[in-house]
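In this note's numbering, the protein residues as written are 74 to 433. This report refers to the structure that appears directly beneath it.
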């Protein structure tokens with residue numbers, strides 16, 4: 074049995090484990106005040122070209138989203154996100170549990186010709202500047218908006234839940250709308266390493282740091298055991314942010330665990346190399362899927378691929394390959410996600426090829 078279920082089903086890259094073992098018995102201060110955390114922060118600042126950035130290491134993505142969003146919002150404000158956005162669908166109401174509402178933007182709707190369908194696929198899961206502008210205009214034009222939840226910030230993930238990417242001009246357009254309404258722009262970077270290394274990406278970490286008000290660099294899904302690095306690139310962290318992190322249970326006493334990992338990830342471009350490997354494996358995965366006649370529900374440029382399978386074929390496939398359930402479009406078919414990762418091997422791809430051959 075091999076797993077393409079997600080990009081966090083394996084432990085950590087050997088270089089990270091080696092660094093953890095080497096530092097294991099060295100006494101260090103707690104709560105992120107150790108030398109490894111400081112070293113990792115300096116390396117991240119250099120990689121993002123933002124020397125004044127304030128950086129905090131949190132235990133996981135849901136915690137990062139809940140802490141960042143709740144710390145930036147006032148009590149009467151909510152966070153604007155795509156209808157399919159992670160905080161709106163797959164975080165069990167974590168944002169709502171902080172007392173804030175997710176204000177969901179509907180997905181783009183286009184016609185049925187081939188060109189429009191391609192555009193629709195590329196826009197799947199994304200926030201669009203024009204729709205965001207329309208939403209904000211509609212809110213403030215409503216005579217009753219003082220009785221409503223105010224939009225207080227904008228959230229998006231890169232890549233999206235559907236593996237789609239923002240281009241630099243798209244993100245700059247969203248940021249311009251945000252600036253016009255005084256809203257912080259927040260990037261969820263759980264899979265950021267894979268987005269940056271996609272063949273279709275035109276953005277770097279320094280671009281993201283320049284455009285966004287806050288973002289996080291995902292470690293959990295890109296080679297670390299756990300942990301995310303929250304970056305306020307302009308030295309703009311909310312007052313007493315560390316206290317807020319602890320209040321939400323997202324601060325480790327043994328902060329070294331995260332510092333050592335991110336120090337390793339940002340040594341000799343390991344983070345980007347792991348992202349590149351996952352993308353190379355995803356391109357080979359797509360070739361196998363095409364070769365086997367699979368129907369793509371969505372063909373993404375990142376490490377997540379979505380295919381439509383007859384339930385009988387999926388039952389056979391699952392005897393050899395773990396995949397992630399995504400949607401149930403009708404009684405006889407299932408959409409599944411196959412995800413490559415920093416640890417995917419060519420041998421695992423061959424097992425998938427053979428398993429798909431056996432479903433015919």
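Virtual Cβ for every residue (Gly too), placed ideally from N, Cα, C. Nothing here was measured: the structure is a model prediction, and the numbers come from that model.
Assign residue i to one of two classes, buried (16 or more other C-beta atoms within 10 Å of its C-beta) or exposed (fewer than that).
| i | result |
| --- | --- |
| residue 237 | buried |
| residue 431 | exposed |
| residue 220 | exposed |
| residue 184 | The predicted model places residue 184 with a pLDDT of 44, which falls under 50 and marks its position as unreliable; any figure quoted below should be read in that light. So residue 184 counts as exposed. |
| residue 83 | exposed |
| residue 359 | buried |
| residue 149 | exposed |
| residue 143 | buried |
| residue 138 | buried |
| residue 419 | exposed |
| residue 322 | exposed |
| residue 313 | exposed |
| residue 468 | Outside the shown range of the chain (74 to 433) lies residue 468, about which nothing can therefore be said. |
| residue 129 | buried |
| residue 32 | Nothing in the structure corresponds to residue 32, since the chain is present only between 74 and 433. |
Write down the C-beta distance between residue i and residue j rounded to the nearest angstrom, noting that I regard them as a contact closer than 8 Å.
| i | j | result |
| --- | --- | --- |
| residue 282 | residue 304 | 7 Å |
| residue 75 | residue 425 | 7 Å |
| residue 351 | residue 88 | Going by Cβ atoms, the distance from residue 351 to residue 88 rounds to 16 Å, so no, they are not a contact pair. |
| residue 301 | residue 131 | 5 Å |
| residue 267 | residue 376 | 4 Å |
| residue 339 | residue 113 | 6 Å |
| residue 230 | residue 263 | 7 Å |
| residue 246 | residue 216 | That pair is no contact at about 29 Å. |
| residue 324 | residue 104 | 6 Å |
| residue 270 | residue 349 | 4 Å |
| residue 306 | residue 121 | 6 Å |
Identify the continuous beta strand (DSSP E) that holds residue i and give its terminal residues.
| i | result |
| --- | --- |
| residue 226 | 223 to 230 |
| residue 370 | 368 to 371 |
| residue 420 | Segment 419 to 430 is the alpha helix (DSSP H) holding residue 420; no beta strand (DSSP E) there. |
| residue 215 | It is not in any beta strand (DSSP E) - residue 215 carries neither H nor E in the DSSP assignment. |
| residue 258 | 258 to 261 |
As a quick exercise: from the options, pick the residue whose alpha carbon is nearest that of residue i.
| i | options | result |
| --- | --- | --- |
| residue 198 | 380, 385, 371 and 421 | 371 |
| residue 362 | 116, 390 and 342 | 390 |
| residue 329 | 154, 102, 170 and 150 | 102 |
| residue 77 | 414, 429, 428 and 419 | 414 |
| residue 106 | 292, 242, 84 and 315 | 315 |
| residue 225 | 209, 86, 398 and 307 | 209 |
| residue 258 | 154, 420 and 79 | 154 |
| residue 123 | 429, 269, 133 and 278 | 278 |
| residue 118 | 289, 95, 167 and 293 | 289 |
| residue 407 | 386, 382 and 396 | 382 |
| residue 401 | 395, 227 and 409 | 409 |
| residue 309 | 293, 141 and 163 | 141 |
| residue 228 | 294, 271, 196 and 156 | 156 |
| residue 333 | 403, 232, 298 and 417 | 298 |
| residue 164 | 239, 248 and 261 | 261 |
| residue 234 | 366, 374, 205 and 416 | 374 |
| residue 133 | 393, 294, 422 and 327 | 294 |
| residue 80 | 384, 213, 347 and 385 | 347 |
| residue 353 | 272, 327 and 403 | 272 |
| residue 284 | 218, 313, 115 and 242 | 242 |
| residue 276 | 291, 252 and 232 | 232 |
| residue 412 | 128, 357, 179 and 116 | 357 |
| residue 403 | 384, 222 and 397 | 384 |
| residue 244 | 270, 196, 218 and 211 | 196 |
| residue 335 | 116, 91, 98 and 170 | 116 |
| residue 110 | 326, 364 and 405 | 326 |
Going by the DSSP bridge assignment, what does residue i pair with across the sheet?
| i | result |
| --- | --- |
| residue 282 | Paired residues: none, contrary to the question. |
| residue 407 | 382 |
| residue 395 | 76 |
| residue 131 | 301 |
| residue 150 | 223 |
| residue 178 | 155 |
| residue 289 | 303 |
| residue 234 | Answer is none; residue 234 lacks a bridge partner. |
| residue 377 | 412 |
| residue 204 | Answer by DSSP bridge pairing: none, since residue 204 is not bridged. |
| residue 400 | 408 |
Starting from residue i, follow the alpha helix (DSSP H) in both directions and report where the run begins and ends.
| i | result |
| --- | --- |
| residue 162 | 159 to 162 |
| residue 336 | 329 to 338 |
| residue 242 | 241 to 254 |
| residue 272 | Note, residue 272: premise wrong, no alpha helix (DSSP H); not H, not E. |
| residue 354 | 343 to 364 |
| residue 88 | 87 to 95 |
| residue 109 | 108 to 121 |
| residue 167 | 167 to 170 |
| residue 325 | That residue, residue 325, is in no alpha helix (DSSP H); it is neither H nor E in DSSP. |
Is the Cβ of residue i closer than 8 Å to any Cβ of chain C?
| i | result |
| --- | --- |
| residue 243 | The displayed structure is made up of one protein chain only, and chain C is not part of it. |
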